[in-house]
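Worksheet for the structure shown next.
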Amino acid sequence: MAHFTKATSMHDWLNQRLGVDTLNRVLATEYWIPKNINFLWAMGMILAITFGILLVSGIFLLMYYQPNVNLAFDSVNYTIMQEVGYGWLWRHVHGVAASVVFLIIYIHMFTGIYYGSYKKGREMIWISGMLLFVAFSAEAFSGYMLPWGQMSYWAGMVITNLFSGGSLHADGLVEWIRGDYVPAQAYLNRFFMLHVLLIPVAIMGLIGLHFGALRIPHVNNQDGEEIDFDVESKKYLAGDTKNSKVIRFMNDFLAKDMMVVGIYLVFFFYLVFFHYDFAMDPVNFDPADGLKTPTHIYPEWYFLWSYEILRPFSTNVGLIAFAFAQVIFVMLPFLDRSPNTVPASRRGLFKYWFWAMLIDMIVLTAMGKVPPIEPFGTIGFYAALTFIGLWIALPFITKFEKKV
Amino acid sequence: MKNSSRRGFMGKAFGAVAGVGAVASLFAMKRSWDPLPSVKAAGFTTLDMSAYKENELVVEKWRGKPIFVLKQSKEMLDSEGKNMSKLTGKTTSEMDKKRLLKIGDAHYLVCVGLCTHLGCIPGYRPDKKNFLCACHGGMYDDTGMVTKSPPPRGLDIPPFKIDGMKLVLGESSPEYEKMLADGVTLKV
Amino acid sequence: MKELFILAIVTTFTLVTYYLVEPFAHSHMHKHHESEHFAYKDLPALTKKGDVARGKDLVMGAGACTGCHGIKVAGLSAPMDAVSSAAAYGVNPPDLSNVGVVFDPKFLASVINNPAHALMLEHKYNAKSGKTFPMPQFYGAGGDKSQEVADMVAYLQSIAVPEEKLTPNMAFETACGRCHAIHYEYNLNGKMHPAWTQIGETPKFKHTQDKLAFEMNVANYNDSLIKYLGKLPPDLSMYIRSRGEHFISTFVENPQQYLKGTAMPRVGVTAEAAEKVITHLQDVGDSKRHKRESVGKNVMIYIIIFAIFAILWKKQVWKELH
Numbered sequence: 562m563a564h565f566t567k568a569t570s571m572h573d574w575l576n577q578r579l580g581v582d583t584l585n586r587v588l589a590t591e592y593w594i595p596k597n598i599n600f601l602w603a604m605g606m607i608l609a610i611t612f613g614i615l616l617v618s619g620i621f622l623l624m625y626y627q628p629n630v631n632l633a634f635d636s637v638n639y640t641i642m643q644e645v646g647y648g649w650l651w652r653h654v655h656g657v658a659a660s661v662v663f664l665i666i667y668i669h670m671f672t673g674i675y676y677g678s679y680k681k682g683r684e685m686i687w688i689s690g691m692l693l694f695v696a697f698s699a700e701a702f703s704g705y706m707l708p709w710g711q712m713s714y715w716a717g718m719v720i721t722n723l724f725s726g727g728s729l730h731a732d733g734l735v736e737w738i739r740g741d742y743v744p745a746q747a748y749l750n751r752f753f754m755l756h757v758l759l760i761p762v763a764i765m766g767l768i769g770l771h772f773g774a775l776r777i778p779h780v781n782n783q784d785g786e787e788i789d790f791d792v793e794s795k796k797y798l799a800g801d802t803k804n805s806k807v808i809r810f811m812n813d814f815l816a817k818d819m820m821v822v823g824i825y826l827v828f829f830f831y832l833v834f835f836h837y838d839f840a841m842d843p844v845n846f847d848p849a850d851g852l853k854t855p856t857h858i859y860p861e862w863y864f865l866w867s868y869e870i871l872r873p874f875s876t877n878v879g880l881i882a883f884a885f886a887q888v889i890f891v892m893l894p895f896l897d898r899s900p901n902t903v904p905a906s907r908r909g910l911f912k913y914w915f916w917a918m919l920i921d922m923i924v925l926t927a928m929g930k931v932p933p934i935e936p937f938g939t940i941g942f943y944a945a946l947t948f949i950g951l952w953i954a955l956p957f958i959t960k961f962e963k964k965v
Numbered sequence: 006m007k008n009s010s011r012r013g014f015m016g017k018a019f020g021a022v023a024g025v026g027a028v029a030s031l032f033a034m035k036r037s038w039d040p041l042p043s044v045k046a047a048g049f050t051t052l053d054m055s056a057y058k059e060n061e062l063v064v065e066k067w068r069g070k071p072i073f074v075l076k077q078s079k080e081m082l083d084s085e086g087k088n089m090s091k092l093t094g095k096t097t098s099e100m101d102k103k104r105l106l107k108i109g110d111a112h113y114l115v116c117v118g119l120c121t122h123l124g125c126i127p128g129y130r131p132d133k134k135n136f137l138c139a140c141h142g143g144m145y146d147d148t149g150m151v152t153k154s155p156p157p158r159g160l161d162i163p164p165f166k167i168d169g170m171k172l173v174l175g176e177s178s179p180e181y182e183k184m185l186a187d188g189v190t191l192k193v
Numbered sequence: 053m054k055e056l057f058i059l060a061i062v063t064t065f066t067l068v069t070y071y072l073v074e075p076f077a078h079s080h081m082h083k084h085h086e087s088e089h090f091a092y093k094d095l096p097a098l099t100k101k102g103d104v105a106r107g108k109d110l111v112m113g114a115g116a117c118t119g120c121h122g123i124k125v126a127g128l129s130a131p132m133d134a135v136s137s138a139a140a141y142g143v144n145p146p147d148l149s150n151v152g153v154v155f156d157p158k159f160l161a162s163v164i165n166n167p168a169h170a171l172m173l174e175h176k177y178n179a180k181s182g183k184t185f186p187m188p189q190f191y192g193a194g195g196d197k198s199q200e201v202a203d204m205v206a207y208l209q210s211i212a213v214p215e216e217k218l219t220p221n222m223a224f225e226t227a228c229g230r231c232h233a234i235h236y237e238y239n240l241n242g243k244m245h246p247a248w249t250q251i252g253e254t255p256k257f258k259h260t261q262d263k264l265a266f267e268m269n270v271a272n273y274n275d276s277l278i279k280y281l282g283k284l285p286p287d288l289s290m291y292i293r294s295r296g297e298h299f300i301s302t303f304v305e306n307p308q309q310y311l312k313g314t315a316m317p318r319v320g321v322t323a324e325a326a327e328k329v330i331t332h333l334q335d336v337g338d339s340k341r342h343k344r345e346s347v348g349k350n351v352m353i354y355i356i357i358f359a360i361f362a363i364l365w366k367k368q369v370w371k372e373l374h
C-alpha cells in the first residue's frame, strides 16, 4: 500500500490519491504539439466541442421526446419546439450541429489526406478516425429517424432496403433490421435506442482510441517533418520557447484552438438562428406517411456522394460500388505506397490525385441531390467511375513517386 | 512444465466455456431483434375469394397498405380483351393472364391500392369500370393497367399464393414469380 | 497570410458545395412561381357600384344564397348543420358573415357568376365530365345581372368585420377551415386556443360520450370530404415549416400551377387576408419565431465578443512562441 501523509491542502490531498499533477503534466502542460501547424489542426478540437454541443442539446431533447410512431412527430414539433422553454433552441442547435459536424469531419479528413497524416506510424489514427466517421454516420442516420417525418420514414425505408442486397433478395435481413415489414413502432424504438445509447457509447470509446492513437506517433505538422520531441521539449522547458519546434498542449495549442473555435462558433450560431433549412429539411416537417411517397427522396448532404455512387448503376453493380465507397477510405494508408510524408503539393502525381478526389466528391455530392434527369445522370455516372478509377490508380501513382 | 501446460489448458477450456455463453447470448440478442409474432401474423392476409361479388371493389389491408380486390365479370373480361388487343395486338386470353389471378373459375384483380404516381388511393367507378385517382387525375382500367398518366405504371400486385379458393397475401408462388419476371408488376 | 489563403480555399469549396446541394439542386426540384400579389388578373373587374339594401334582398331572397349558407352576423344560421351539409354537397358551404373582407370582391362576383371558373375547378366540373359544381351559377334575378352581382358583393362587404378587426385565426377559419384541420393548440395574445377541426374548434368535454359524439361528427364530415375531394386535405399545423411562406401564398393564389388537376380550389383571398392566414400558420407552427430572432441577435453579439477574447488570449500566449 502506498504511503499517505497528512494533506497540506485540498490540492495535495487530491494529488496523493489521484496524482493530479502527473495527470496535468502528461495530458496538458507537457503534452507536446508541433509548432509548425495552421488552423486546420484545430478541427479536432472543433469536433470535440461540436460533439459536446450535440450531447448537451440531445440530453434536453431526450426529456420530452416520445419514441412512439403516433406521438414522436408532435412531441418534437409541438412539445419541444413550442412548449418546452428553449426547446426550439435545443432542437435547432442539435439539428444544425449534426449537419455541421460532418462538414468539419470532411475538412479534418481531407487535411489528413493532404498532409499525409495517415502514414509512418499514424495508421491507427486514420483507421480509428474512419471508424468514428462510420459511427457518426450511423448516429446521424438513426437520429434522422426520430422526428418521424416524411424524410425520416422514407429515408429509413430506402436505406434499410439496401440491406436486401439487390438480387440476393435478403428480405429477411431487411425485416430483421426493421422488426417489421415496413418502418413502424419496433423500428422507431430500436433506432431510438441506437441513437441515444449504443452508438454514442461507441463514439465515446472510439474518441478515446483516436486520442490514444495520437500519443506515440504524435501530431503531424505542416511539412511532415520528423521532430525529436525529447530534444525539442527540453529546449522549450529550458526557456528557449522561440526556437523550440514544439509547444505545450496547454495553454499554447489550446489558445490557438480556442481562437479557431471562437470564429467557428460565430458561423455555427449564425446557422442555428438564421439559416437552418439546409440542416432541417422542410419536407421532414410533414408527418411520416407510409401511403405517400415524397416527390424527391434524398439523404442529408453528407451522405450524397456515396448515395450517388449507388444511383447511376443497375441495382447489383450499384450496391457493390456503394460497398466499395464505404470501406475504401479506411484502406488509404495501405493503398498509398509512397514513402513520403509531406504535403500533397510536394508529391508529384498525388497532388493531382488529391484535388481530383476532392472535386469528384463535390460533383458526386451535387449530383446525388438533383433529380436523376439528363445531363445530371451522365455526369453522376462518370463521377462515380472517376471515384472508383482514382482509388484503383492510387497504388500505382504513389508507387512510382520520387522520394522527397 | 506439466503444471504450466495444465494451467494453459484450463485457461483455454475456460475461454471455450465463456465463448459458448457469449454465443448463446448473441443468439438471444438476435432473437430480440426479430419481428414480433404479432407483427409477423399481420404480414400475411388470407382472403376467401368465394365471398367477392362481380364488379364490386373491396378494399382489404395487408402490411399497412390498402389492397384492392375486384372480381371480374364476363363482360369486363370481354371488354378488356377488346381494349388490350387494340393496344397490343395480343389476344384476350393472353392479356387476361398477365395481371389477373385465376382462382377457381373466376378472374380477380388483386393489387396494392396506391396510385403509382404519388401514392394516393384511387377510387373505383363501377359504372365506367375504371379507377380514377382524384389527386392528379391518373386512371387505370379494371385490371389495374394505367390508361392515363401521370402514373408511371399499373397498380402493383402483392406477393400471393393461391390455395384452393383461398388467397394468401405475403407469400410468393410460381405464378407471382412469373409476373415479376414478365415485368407485369414491381416487387412490393 | 498562408493561413488566410488556406481559409479562403476551405471556404470556397464549402460554399460551392453548399450552392450545389441547396439553391442549385432545389431549383431543379421545384418550379419557382412568382406571386401575382393576389391580383386575379383573369377575373373581370367589378364595373358597377353595388347597392347594399338591394344586395341584402338578393342574398336573403327565396332560393338565393341563404338556402344553403348561414349568415351568423345577420342572425341566420345555416339550414343544415356542417355534417349534413357536407353529406349533401361534399363540403359545408361557408357562413357568409366575413366573406366580404376575406375574399377579393372580383373573386366573390365571379364565384356568384360561375363558381367552377372562379375556383379553378373547370377540369373537374365541365360538360365532358357531366358534373356540376354543388353551388349553382347565378343566372340573374330578372334585372341587370352584373348590377345584381355588384349589389350582393356590396352587401357581403357591408356586413363583414372591418379589415383591421379580422384576426389571423378568423381569416384562416373562413378561408381554409372547412377543409383543413390544425390539431395544434395555439397561443393568441396570451390566450390558448383549442385545436381546429373541419367542423370548428374542439370543445372541452365533460363526458366521454360528448367527446366521442364530436369525434364521430368530425369523422363523418371528413368522410364526405374524402368522397368529394379524393382524399382528406392535409392538416396544416406544421405547414409553415414544411412549405414556407412563399409556397403557401403562391399556392393559395393558384393551386393549379403547382398541382395540375388538384381538387384544391383557388381560394380567392385578398392579399391582406392571405397575410393573416400566413400569420395564423406561423402562430400555430412556428410560434417561437420572434423569440428565435431576438435570442439569435443576442447570442451573435455574445459569440463575437467570445471570439474576440479568444483571439486576444491566443495573441498573448503566442507572443512568447514566435
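Residue numbers (my numbering), protein chains in the order written: chain U, 562 to 965; chain L, 6 to 193; chain C, 53 to 374.
Quick reminder that beta carbons are idealized off the backbone N, C-alpha and C, glycines included.
Using 8 Å for Cβ pairs, my map puts residue i next to residue j. What's the rounded Cβ distance?
i       : j       : result
V115(L) : F165(L) : 6 Å
S289(C) : G229(C) : About 13 Å; that fails the 8 Å criterion.
H655(U) : S689(U) : That pair is no contact at about 25 Å.
G710(U) : F612(U) : Not confirmed; about 24 Å, so no contact.
I164(C) : V201(C) : 5 Å
Are the beta-carbon atoms of residue i and residue j separated by less than 9 Å?
i       : j       : result
L749(U) : A633(U) : yes
P873(U) : F942(U) : yes
Y714(U) : Y863(U) : no
A701(U) : E869(U) : no
F753(U) : S703(U) : yes
L664(U) : I768(U) : no
A945(U) : L925(U) : yes
P163(L) : V193(L) : yes
Residues of chain C with CB closer than 8 Å to the CB of residue i, please, in chain order.
i       : result
W649(U) : K340, K343 and R344
C125(L) : G282 and K283
P843(U) : R293, S294, R295 and G296
A927(U) : T69, L72, V73, F76 and A77
Give the residues of chain U in contact with residue i, contact being defined as C-beta atoms less than 9 Å apart.
i       : result
L41(L)  : G740, D741 and A747
Y236(C) : D635, N638, Y639 and Q643
L240(C) : What L240(C) touches in chain U: nothing, since even the nearest Cβ is about 13 Å away.
T184(C) : Going along chain U, no residue has its Cβ under 9 Å from T184(C), so there is no contact; the nearest lies around 30 Å.
Note down, in chain order, every chain C residue with its Cβ under 7 Å from the Cβ of residue i.
i       : result
Q643(U) : S339 and K340
Output, in chain order, the set of chain L residues within a Cβ distance shorter than 9 Å of residue i.
i       : result
W737(U) : K35, W38, D39 and P40
At a CB-CB cut-off below 8 Å, which residues of chain U make contact with residue i?
i       : result
R158(L) : Those within 8 Å of R158(L) in chain U number zero; the least Cβ separation is about 14 Å.
L59(C)  : F600
Starting from residue i, find everything on chain C with Cβ-Cβ shorter than 9 Å and list it in chain order.
i       : result
G128(L) : K279 and G282
Can you name the residues of chain U whose CB is closer than 7 Å to the CB of residue i?
i       : result
L119(L) : L852
L373(C) : K596, T802, K803, I808 and D813
**Prompt:** With a cut-off of 8 Å, do at least 3 Cβ pairs link the region 296-304 of chain C to the region 265-283 of chain C?
**Reply:** no
**Prompt:** What beta strand (DSSP E) runs, 3 residues minimum, are completely inside the region 218-273 of chain C?
**Reply:** Complete beta strand (DSSP E) runs here, min 3: 238-240 and 243-245.
**Request:** Quick one: which unbroken beta strand (DSSP E) runs of 3-plus residues sit fully inside the region 142-179 of chain L? Chain order, please.
**Result:** 144-146, 151-153, 165-168 and 171-174
**Segments of 4+ residues assigned as alpha helix (DSSP H) that fall wholly inside the region 292-365 of chain C** = 296-305, 307-310 and 323-337
**Prompt:** Between the region 886-893 of chain U and the region 671-689 of chain U, are three or more C-beta pairs nearer than 8 Å?
**Reply:** Three or more Cβ pairs closer than 8 Å define a contact, and the region 886-893 of chain U meets that threshold against the region 671-689 of chain U.
**Request:** Give a yes or no on contact between the region 35-50 of chain L and the region 735-742 of chain U, applying the rule of three or more CB pairs nearer than 8 Å.
**Result:** yes
**Request:** Run through the region 153-232 of chain C for me and flag every whole alpha helix (DSSP H) of 4 or more residues, listed as ranges in chain order.
**Result:** 157-165, 167-170, 197-211 and 220-227
**Request:** Kindly confirm or deny that the region 871-885 of chain U and the region 308-319 of chain C touch, where touching means at least three C-beta pairs closer than 8 Å.
**Result:** no
**Request:** Any chance you could list the beta strand (DSSP E) runs of at least 3 consecutive residues sitting entirely within the region 908-965 of chain U, in chain order?
**Result:** none
**Request:** Report the residue ranges of all beta strand (DSSP E) runs contained in full by the region 8-91 of chain L; include only those spanning at least 3 residues, in chain order.
**Result:** As for any beta strand (DSSP E) of minimum length 3 sitting wholly inside the region 8-91 of chain L, the runs are 50-53, 63-67 and 70-76, ordered along the chain.
**Prompt:** Do the region 594-603 of chain U and the region 811-829 of chain U meet, that is, are 3 or more Cβ pairs less than 8 Å apart?
**Reply:** Three or more beta-carbon pairs drawn from the region 594-603 of chain U and the region 811-829 of chain U are found closer than 8 Å, and the two stretches are therefore classed as touching.
**Item:** Three CB pairs or more closer than 8 Å across the region 145-156 of chain C and the region 118-136 of chain C
**Value:** yes
**Request:** Jot down the residue ranges of each uninterrupted alpha helix (DSSP H) in the region 568-639 of chain U, minimum 4 residues, whole runs only, in chain order.
**Result:** 571-579, 581-585 and 604-623
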